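Heads up, the thing below is written out as structure tokens.
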Amino acid sequence: MDGGADPVGQTIRIKQVPFTVAGVLTPKGQSSSGQDQDDVILLPITTAVRKVIGVKQANADAVDNIIMQAKSPSQMQEAQDQAQGLLRQRHHLQPAEADDFSIRNMEEIFAAQEASSKIMSLMLGAVASVSLVVGGIGIMNIMLISVRERTREIGLRQALGAKTKDILTQFLVEAVALSIAGGVIGILLGIVASFTISHLAQWATVVGPGAVLLAVLFSALVGISFGYYPARKAAYLDPIEALRYE
Numbered sequence: 002m003d004g005g006a007d008p009v010g011q012t013i014r015i016k017q018v019p020f021t022v023a024g025v026l027t028p029k030g031q032s033s034s035g036q037d038q039d040d041v042i043l044l045p046i047t048t049a050v051r052k053v054i055g056v057k058q059a060n061a062d063a064v065d066n067i068i069m070q071a072k073s074p075s076q077m078q079e080a081q082d083q084a085q086g087l088l089r090q091r092h093h094l095q096p097a098e099a100d101d102f103s104i105r106n107m108e109e110i111f112a113a114q115e116a117s118s119k120i121m122s123l124m125l126g127a128v129a130s131v132s133l134v135v136g137g138i139g140i141m142n143i144m145l146i147s148v149r150e151r152t153r154e155i156g157l158r159q160a161l162g163a164k165t166k167d168i169l170t171q172f173l174v175e176a177v178a179l180s181i182a183g184g185v186i187g188i189l190l191g192i193v194a195s196f197t198i199s200h201l202a203q204w205a206t207v208v209g210p211g212a213v214l215l216a217v218l219f220s221a222l223v224g225i226s227f228g229y230y231p232a233r234k235a236a237y238l239d240p241i242e243a244l245r246y247e
């Protein structure tokens with residue numbers, strides 16, 4: 002059959018059994034569980050059992066799954082209770098007997114998926130936090146080395162009249178600049194990796210300007226947080242001892 006032709010009225014074969022296409026479902030895409038909802042064929046149950054599944058493979062009176070839809074979200078619980086009552090009646094279950102069937106509410110499935118998504122977000126946040134701490138420690142070590150190597154320079158500036166806040170501001174600005182530079186490089190690598198994965202795996206990815214701005218702000222905050230100690234150490238050096246430092 003031509004891919005662009007109207008399938009309604011055409012004949013298809015399912016297990017060598019000819020069927021006439023009566024209609025086409027509206028495209029729905031993937032379900033919440035990842036199943037392709039467009040890759041389905043709907044048949045009358047009696048025809049499916051007798052012609053496709055076969056009576057030997059299935060009880061003609063048995064149904065594995067029933068998909069129901071409530072009239073509105075507010076009536077979902079009422080519809081579930083009615084379905085449960087009807088199935089218990091049809092299965093001849095006594096009030097003290099447990100259900101021999103299961104009813105799954107999509108709201109419960111969505112809630113479980115949302116909980117899993119939150120746990121995954123927390124795990125990714127924890128990994129990102131560890132990365133920030135490691136990066137901050139690296140910045141602090143670099144700044145401490147810089148303070149030690151520039152001790153005479155710091156003493157000279159103090160001797161020429163530089164105040165404590167001037168030295169503190171200088172090293173804080175250097176720490177923030179170093180942190181933001183690393184953050185920008187990380188953002189660029191993240192954008193490239195995101196679009197590369199999107200192209201290879203055919204996933205839709207969006208890099209919003211808000212996320213980029215937040216990343217830059219976090220980089221600056223890391224620089225201030227971990228650069229304050231080296232900056233304070235440099236600002237409170239004794240000028241005389243700093244000038245004598247070799």
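Under the numbering used here, think of the first position of the sequence shown as 2, with each following residue one higher.
C-beta: ideal position from N, C-alpha, C; glycine also.
Small disclaimer: the values here were computed from a predicted structure and weren't measured.
Residues of its chain near G10, where Cβ-Cβ distance is below 8 Å and the 5 sequence neighbours each way are ignored: T21, V22
Residue from D7, L44, F219, I241 with nearest C-alpha to A182: F219
Beta-carbon proximity of T12 to P19, cut-off 8 Å: T12 places its beta carbon less than 8 Å from that of P19.
L189 vs Y229 beta-carbon contact at 8 Å: no
Distance, K52 Cα to P45 Cα: If you take the alpha carbons of P45 and K52, they lie about 10 Å apart.
Three-pair Cβ contact test at 8 Å for the stretch 143-155 versus the stretch 234-247: yes
Proximity below 8 Å, CB of A236 to CB of L169: yes
Where P231 falls, given that 16 or more other Cβ within 10 Å makes a residue buried: With 16 or more other Cβ atoms within 10 Å, it is buried.
CB of G224 within 8 Å of CB of I140, strictly: yes
Beta-carbon separation (whole angstroms), F227 vs G137, contact threshold 8 Å: 4 Å
I225, DSSP secondary structure in three states: Helix.
P74 versus E108, I67, L94, Q90, residue with shortest Cα-Cα distance: Just measuring C-alpha positions, the residue of E108, I67, L94, Q90 sitting nearest P74 is E108.
Residues that F111 bridges to, as DSSP identifies them: The partner list for F111 (beta bridge, DSSP) is empty, contrary to what the question assumes.
Where V185 sits in the DSSP three-state scheme: helix
Buried or exposed by the 16-neighbour rule on C-beta atoms within 10 Å, applied to Q159: buried
The stretch 74-85 / the stretch 97-111 touching (three or more Cβ pairs under 8 Å): With contact defined as three or more Cβ pairs closer than 8 Å, the stretch 74-85 and the stretch 97-111 are in contact.
Rounded straight-line distance, which links the Cα of L87 to that of A71: 15 Å
Segments of 4+ residues assigned as alpha helix (DSSP H) that fall wholly inside the stretch 192-245: 210-236, 240-245
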